[in-house]
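> Residue numbers (the UniProt record's numbering): 1 to 286.
Even glycine gets a Cβ: it sits at the ideal position worked out from N, Cα and C.
Keep in mind that this is a model prediction, so the values were computed, not measured.
Please see the structure below; I have some questions.
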């Protein structure tokens, strides 16, 4: 009798050969890792930007009128209203232009850098207003607030970025963060102005190259706002269809999901509501 080797091959009962065992990963698990996720880090950073932009709008409202009266006794309330209005006028002009620019280049960072640069220049000009002759200070304020207002147009860009940098299930939450940043800035702006009231006018003189500038409770907020505008930003999009340079533009457009046209009446109502909101707010603050 032949000696057995001790190992036997057992066939399945139905006569079919079983497939060999595999150690490959589950495709569903691999797919979960590749799913786009909301860039919460950038959402939080955008929230800070909207907060700082709103602060730079409201922080000057409580101190601007007495500061203008100190610089020029002949300034009128009507001219003060013009200075306040310049911030919003420049935003009205800049917002659609920046939106078109961002859509054309497919990026958000260049318009944001431009907005923060203009806000820095406007606030720094406000900080240096005392260096100008008395009869010119009112016009310097008009120009400085107009330039700074261009920077506030970035709020609209940041809101659109929150939509494109978040997945569908997180979009409402991401947009709420951006809107909350605006609300916090509008609320805390006057409070931040109050932090600098201990530096009473004329404050601390700063002289260099034959010029003297007083650092006081009126100019420190502008300096603080200028420093806030130094930032770092890196874009990422998960809510829009990407396109590489080598891709066929028509093929990408054909593969993209069909998007219905926006509701013009709904947009008009939103415009009217926002106009009414800021009209009442600015009227009460000034």
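(1) Would you give the residue range spanned by the alpha helix (DSSP H) that residue 86 belongs to?
(2) If distances are taken between C-alpha atoms only, which option among 118, 131, 155 comes closest to residue 144?
(3) Assuming residue 167 and residue 38 are in contact, meaning their beta carbons sit under 8 Å apart, how far apart are those beta carbons, in whole angstroms?
(4) Identify the continuous alpha helix (DSSP H) that holds residue 142 and give its terminal residues.
(5) Check whether the Cβ atoms of residue 98 and residue 154 sit closer than 9 Å, and answer yes or no.
(6) Suppose you measure from the CA of residue 53 to the CA of residue 151; what does that come to, to the nearest Å?
(7) Determine the DSSP secondary structure at residue 183, reduced to helix, strand or coil.
(8) Under three-state DSSP, which class holds residue 162?
(9) Assuming residue 109 is part of the alpha helix (DSSP H), what are its boundary residues?
(10) Can you give the beta carbon distance from residue 188 to residue 55, rounded, assuming they're within the 8 Å contact cut?
(11) What does the alpha-carbon distance come out to for the pair residue 101 and residue 50?
(12) Suppose contacts are defined by Cβ-Cβ distances below 9 Å. Is residue 148 in contact with residue 186 by that definition?
(13) Just to confirm before moving on: does the CB-CB distance between residue 47 and residue 178 stay below 9 Å?
(14) Between residue 82 and the rest of its own chain, which residues show a CB-CB distance below 8 Å, the 5 nearest in sequence each way excluded?
(15) DSSP three-state label for residue 74, please.
(16) Can you tell me whether residue 290 is helix, strand or coil according to DSSP?
(17) Can you check which of these residues, 138, 169, 103, is closest to residue 160 by C-alpha distance?
(18) Following the continuous alpha helix (DSSP H) through residue 48, name the residue where it begins and the one where it ends.
(19) Just the Cα atoms here: how many angstroms apart are residue 129 and residue 264?
(20) Using the C-alpha atoms, what's the distance from residue 95 back to residue 59?
(21) Going by beta carbon distance, what residues of the same chain come within less than 6 Å of residue 134, once the five residues before and after it are set aside?
By the coordinates alone:
(1) Start and end: 77 to 105.
(2) The residue with the shortest Cα to Cα distance from residue 144 is 118.
(3) About 5 Å separates the CB atoms of residue 167 and residue 38; that is less than 8 Å, so the two are in contact.
(4) 137 to 151 is the extent of the alpha helix (DSSP H) around residue 142.
(5) For residue 98 and residue 154, yes; Cβs fall inside 9 Å.
(6) Whole-angstrom Cα-Cα distance: 8 Å.
(7) Residue 183: helix per DSSP, three-state reduction.
(8) Helix, per DSSP.
(9) Taken as a continuous stretch (DSSP letters only), the alpha helix (DSSP H) holding residue 109 covers 109 to 127.
(10) Residue 188 to residue 55, Cβ: 6 Å. Contact.
(11) Their backbone Cα atoms lie some 20 Å apart in a straight line.
(12) No.
(13) A contact, by the Cβ cut-off of 9 Å.
(14) Cβ within range, chain order: 142.
(15) Here residue 74 carries a coil assignment [DSSP, helix/strand/coil].
(16) Residue 290 is absent from the structure shown; the chain starts at 1 and stops at 286.
(17) Out of 138, 169, 103, the CA that lies nearest to the CA of residue 160 is found in 103.
(18) Here the alpha helix (DSSP H) through residue 48 covers 40 to 58.
(19) Between residue 129 and residue 264, the alpha-carbon positions lie close to 43 Å from each other.
(20) Approximately 21 Å between the Cα atoms of the pair.
(21) Excluding its 5 nearest sequence neighbours in each direction, residue 134 has C-beta neighbours in its own chain below 6 Å: 72, listed in chain order.
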